[in-house]
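Position 822 of the sequence shown, counted from 1, bears residue number 821 in our numbering, the numbering being contiguous throughout. Cβ atoms here follow ideal geometry from the backbone N, Cα and C, with glycine treated the same way. The model shown is predicted, which means the values in this text are computed figures rather than measured ones. Here is the structure we will look at.
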Amino acid sequence: MATPSGRAATPNPQTSKRVFPKDAASEVPSKRKNPNPTSTLPRPSGSFVEGSIVRIAMENFLTYDICEVSPGPHLNMIIGANGTGKSSIVCAICLGLAGKPAFMGRADKVGFFVKRGCSKGVVEIELFRISGNLVITREIDVIKNQSFWFINKKPVTQKIVEEQVAALNIQVGNLCQFLPQDKVGEFAKLSKIELLEATEKSIGPPEMHRYHCELKNFREKEKQLETSCKEKTEYLEKMVQRNERYKQDVERYYERKRHLDLIEMLEAKRPWVEYENVRQEYEGVKLIRDRVKEEVRKLKEGQIPMTRRIEEIERQRRTLETRIKEKANDIKEASQKCKQRQDLIERKDRHIKELQQALTVKQNEEHDRQKRISNTRRMIEDLQNELRTAENCENLQPQIDAITSDLRRVQEEKGMCEGEIIDKQREKEMLEKQKRSVGDHIIRFDNLMNQKEDKLRQRYRDTYDAVLWLRNNRDRFKQRVCEPIMLTINMKDNKNAKYVENHISSNDLRAFVFESQEDMEIFLREVRDNKKLRVNAVIAPKISYADKAPARSLNELKQYGFFSYLRELFDAPDPVMSYLCCQYHIHEVPVGTERTRERIERVIQETRLKQIYTAEEKYVLKTSFYSNKVISSNTSLKVAQFLTVTVDLEQRRRLEEQLKEINRELEAVESGLVALRDTNKHLELKDNELRLKKKELLERKTKKRQLEQKISSKLGSIRLMEQDTCNLEEEERKASTKIKEINVQKAKLVTELTSLVKICTSLHIQKVDLILQNTTVISEKNKLEADYMASSSQLRLTEQQFIELDDNRQRLLQKCKELMKRARQVCNLSADQAVPQEFQTQVPTIPNGHSSSPPMAFQDLPNTLDEIDALLTEERSRASCFTGLNPTVVEEYTKREIEIQQLTEELKGKKVELDEYRENISQVKERWLNPLKELVEKINEKFSNFFSSMQCAGEVDLHTENEEDYDKYGIRIRVKFRSSTQLHELTPHHQSGGERSVSTMLYLMALQELNRCPFRVVDEINQGMDPINERRVFEMVVNTACKENTSQYFFITPKLLQNLPYSEKMTVLFVYNGPHMLEPNRWNLKAFQRRRRRITFTQPSQ
C-alpha cells in the first residue's frame, strides 16, 4: 500500500502519486508504529519467507514526495500508466538494499535519484526475519552525493548493510533475481558463462558457486604445476646431457693443469736466476765507473790556463769591432748622400723622356686627322653618285594610300571580332562560375544526405543495408516506396528536430513506408527473411491525411505561446506525411515556447489538448473516466540525434535542372568562340600581308631622303675636323728649350756625386785596415778555442761515459732490487722474512749491503735461463694443445651436479603436489558437477514444459568445450518459436525483442520454484510480447509464483490484457497520480474498506 504525495504547503501544483493494493488486508502482515524508534517489532510471518520485503517507504525519491508500499508474500502485480512511478519502486528496492545505481542502468550517481528540487531523499526497506524484521534506511545527500545508512534506526556503514543483505541471499546485482526495466535487454546479452554464474548464485546451494570458484582456482594452479613440472623435467634432461658432454673436457682440464703447475714452478725459479746474473753484471759496471771518474778530474785541471788567455784576446777583439762600427757609420752617411744625387739625376732623365713622348703623341694625332678628312671626302662622293642614280619615287603615293585604306578596314573588322571573342569568353567564365557554384551546392546537399545516411548506418546497420537494397531494386515494386522516415524528413529549422524525434518512436523513424500491402510483403520477404535483416515497415493510409486540417486554428493557440503544429515544422513525401498524421496526429499537436511552460495550468484547463510541447518538455493530457478531471504527465525532451541535418530535395532538383541549362549554354558559347577565332585568324593573315606591302613602298619612297641626310652629316664632320688644327713646329721648339734647361741641372748634380764618391772610398780603406787587425786577433782566439774544445770534447766524452756507467749502475741496482722483490713474491716471502734452510745453497750479498737467500726449492729444475726458457716453451706448447678449455667449465660442472640433485628433489615434490591438486579437483568436481547437472536438468525440465505449453520448444543445458576447463562452463538456452525452424541459441541478435522477452521470462519462471532467494523483481518484461504470448506468460507467472513455499515475486507492467486469470494469493498494486490525490495522513485503508462493504450491503435492498 502507498500513501499519496503532494503537500498543501507547496505553492506550485505538484503531481501526486499513490499505490493502492487490491484487497490487501488479508495478504499484508499487520504493521504498527513502535514508539521506540531504535527497534522494530517482529511481524507475523504469514507466508513470507526469510528475507522477503514487508514494506517499502520512500521520501523525496524520484517522482514521489512520500510513499509507502506493503507488498504481499507471493506474486505482487504493480500496475500503472507510464511515468506514474512503477520503476521508481524498483529503484527504491535496489538502492535500499545497498545496490549500485549502475544496476538499474539509469544514472551513475545516487544523487540523481532524489526528487528534483530536494536536497535529501530517504528509502526504507523492511525485510522479514523470523527473529525480528530488519529495517534498512538509506538517506541520500544530493549536495555531497553520498549516503547515510541505518539498520533499525541505528547508524551503520554500507559494508555492514551489504553483509546483512548477503546473509539473506539477496543479490540485487544478479539479473536472475533482479531484472530492472533498463536491464531487460542485457539478460539476453549475458554470455553462457555469466548466465551460469548468475544461476549458481541465485538458486544453487551456497557452496555450489564456492566449489565452482575453487575448481577454477585448482585448475589454474594445476596448469601452473603441469607447466612447471614440464619445464623442470626438460631443464633437468638438458642439464644431464650438458654434463655428459662436458665430462671429457673436465678430464682434459686437469691434465692441462699439471702442465700449468710445472710452468708456474719454472716461472718462479727464473727470477732468482735473472737476479744472480744481473748482480754479477752490476759489480763489473761499478769498477769501470770508478776508473772513469778519476780521468775526468785530471782533464778539468789541464783546461784552466787556456781559459785565461782566451778571455784576454776576447777583450782586444771587442775594441777593434767598436772602431769598425764607427767607420761603417761614416761610410753609410756618405753613401746616402751619393744615393740622393743619383735619384735627382734619374728624375731629370725621366722628365726629358716625358717631353719627347708628348711631342710624338701630338705628331701622331695630326697624321690621323688628315687621314680621317681624306676618308670622309671619298664617302661623300660615293653617296652623291648613289643619289644621282636613284629613281623618282613620287608616283608610289597612290598605292600607299590604297593599301592604308584596306589596312584600316581590316583592323576595324579584326577589332570587332576580338571584342566579340572577349564577350564570349566573359560569358563562358560567368557560366563556368555559375556551374561551379551550382555543383558546390549539389555536393553540399549530397554531403548532408550522406551525414544522415552515416548516422543511420552507425545506429541501425540492418536498416542502412535495406536502403541500399531498395535503391537497387525499385523496379520490383508497383507503387511508391519511401525510404526510412528519418531520411525523408527535412526539418525547416534544425532546432525544432527534438520535437519530432521525441514524438515519433525510433522504430517508426527507421521504418520504410509503403503504399501497397503487396509491395511491403515482397520487401519483407526479401530483406527480413532472405537477408536476415531487422527492419521495420509500415503502410500509408489509403486516404491521404497529409493535408488534413487541425481541429483548432493555430491563431487561437498563439495566445498561449504556441507557434506551430508539428506538421508544419518539416517537409516529407506525401505517404510519409499521411502516415504520421494518421498514426501520430502531428497536425493536432502544437509546439509552444517557454511562455507556454509558464502558463501550463491555464493551457491544460482551457485548451483540452491531448498532447502539447513546450520549449523543453512534452505534456500528455488524459481525462479521468470517473471524475472527468484532466490528468497530465510531463517528460523532458531528449536531444535530437537524427533529424538535425536538413536536405531540401526540391531545391536540389531545381539545382540539377539549372546545371543542365548551364551546360547547354556553355556548349553554344563554345561553338560561337570557335567560329570567331577562325574569322579572327583569317583577318590577322590579311593584315600581315597589307603591312608587308606598305613597308616595301615606304622604304622605296624614303631612300632619297636618307641619302641627302647622310651627305649633309658627312660635310659637317669635315668642317669640324678642319677646325681642329695643331702647329707642330712651335711644339717642337718648346720641347727642345725645356730639354736644354734640364741637361744643365743634370751636369751640376754629376759634379757633386763625384766628390762624394772619393770621400766614401777613403773611409772604406780605413775600415779594411781595422778589419785585418781584428782578423789576426780572431785567428789567434780561434786556435786557442780549438785547443780548448778538443780538451773539452775529451772531457765531455769522459763525463758522458761516467754518467752512462753511473746510470747503468743505478739501473742494475734497481733491477736487482726488483728481481729480488719479484723472486720473493713468487716464493710468497715477505721483505724481512728469511728463506727456509732447506731451500738454501748459498747466501750472496745484495748491492745495497743486505744479505739475501735465494730459495733452493727448485733443485730438480735447470739452473740457466736458456734451459729454463726451453723447458717453459716445451711445457707451454703441451698446455696449448688443450684448446677450448675454460676454468669455469669445472666450476659449472660441479655446480650443475649439485643443481641436478636439487632439481631432482624439487621435481619429485612438485609431482607430489600436482597429484594432491588432481585429487582435490576430483573431489570438488564430484561435489560441484553432479548437483549442478541435476539443477540444470530441473531447470531444463521446467523450461521445456513452459515452452511446450506455448506450442514452442526450448531447452537448457550445461555447455562446455573442454570438461577440464571449469572457467569455460556455461548455461546454454536454445529456443524455437516456429515449427519450421531449428533450435537456436538465445542471443541479442537472432531472436526478436518479443521472443527474447518470452525466453527471459520463462527462464526466470523456471528458476522460481528452485530459487533460494527471498524475492525476485521483473520490470516491464512483457512490453515486446504479442497478446498471445503475453497471456500465456502471465498464466505461467500466476501459477508458478502463487504456489506454496515459493519466494516473493514482483511483476511490474504498465498494462494488462483483458480476462486474465488471477489468484487469491496475488497482491495487485495500482499506481495512480494526479493533483487531486489525498494527503498521506488522510488516507486510511481500513476506513475505505468499511465504506466499500457498507455500499455492497446496501445495494441489494435498494
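The DSSP-derived three-state label of Arg607 is coil. With contacts defined by Cβ atoms closer than 9 Å, Ile521 and Arg475 form a contacting pair. Contact between the stretch 942-953 and the stretch 970-987 is present, with at least three C-beta pairs closer than 8 Å. Shortest Cα-Cα distance from Thr83 to any of Leu74, Asn75, Asp64, Ser69 involves Asp64. In the DSSP annotation of this structure, Trp1082 is not part of any beta strand (DSSP E), being labelled neither H nor E. Taking a 10 Å sphere around the C-beta of Cys481, we find 16 or more other C-beta atoms and assign the residue as buried.
Annotation: the stretch 514-580 contains the following complete segments of the beta strand (DSSP E) (minimum length 3 residues), in chain order: 535-538.
The beta-carbon distance between Leu755 and Cys337, rounded to whole angstroms, is 5 Å. This is short enough to meet the 8 Å contact definition.
Taking the C-beta atoms as reference points, Ile777 is found no nearer than 9 Å to Arg290. Between the stretch 549-558 and the stretch 524-533, the count of Cβ pairs shorter than 8 Å is below three; the stretches do not touch. Nearest Cα to Ala510 within the set Asp464, Glu193, Asn493, Gln170: Asp464. Exclusion of the five residues before and after Leu620 leaves Ile603, Arg607, Leu608, Lys609, Gln610, Ile611, Val629, Ile630, Ser631 as the residues of its chain whose Cβ lies within less than 8 Å of its Cβ.
The continuous beta strand (DSSP E) containing Asp1018 extends over residues 1014-1018.
The residue from Arg663, Val888, Ile55, Lys693 with its alpha-carbon nearest to that of Leu430 is Arg663. The alpha-carbon separation between Phe1014 and Met207 amounts to approximately 20 Å.
Within the model, the alpha-carbon separation for Glu273 versus Glu254 is close to 30 Å. Under the three-state reduction of DSSP, Ile897 is assigned to helix. Residue range 727-825 is occupied by the alpha helix (DSSP H) that includes Ser790. Collapsing the DSSP output to three states places Thr643 in coil.
C-alpha of Cys826 to C-alpha of Arg257: approximately 19 Å in a straight line. Excluding sequence positions up to five before and after Gln582, its CB lies within less than 8 Å of the CB of Asp507, Val537, all in the same chain and listed in chain order. With a threshold of 16 other beta carbon atoms within 10 Å, Phe624 falls short and is exposed.
Assignment of Tyr463 by DSSP, reduced to helix, strand and coil, places it in the helix class. Only residues of its own chain outside the window of five on either side were considered, and among them Leu902, Glu905, Leu906, Lys909 have a CB closer than 8 Å to the CB of Lys231, listed in chain order. Contact annotation: Arg596 and Cys580 have beta-carbon atoms that are not nearer than 9 Å. Remark: three or more beta-carbon pairs, one from each stretch, lie closer than 8 Å, so the stretch 779-786 and the stretch 289-309 are flagged as touching.
If you check the CB distance, Ile142 and Val134 do not come in under 9 Å.
Under the three-state reduction of DSSP output, Glu123 falls in the strand class.
Annotated three-state conformation of Asn384 is helix, per DSSP. Taking 9 Å as the cut-off, the Cβ atoms of Val1067 and Tyr1048 do not count as close. Straight-line spacing of the CA atoms in Arg296 and Ile287 works out to 15 Å. Distances from the alpha-carbon of Lys547 to those of Pro572, His586, Glu514 put His586 closest.
Contact holds between the stretch 1055-1072 and the stretch 60-75, because three or more Cβ pairs, one in each stretch, are under 8 Å apart. Below 8 Å, enough C-beta pairs join the stretch 210-221 and the stretch 925-933 to call them touching: three or more. Taken atom to atom, the span from the alpha-carbon of His958 to that of Leu194 is near 11 Å.
Residue range 864-879 is occupied by the alpha helix (DSSP H) that includes Glu874.
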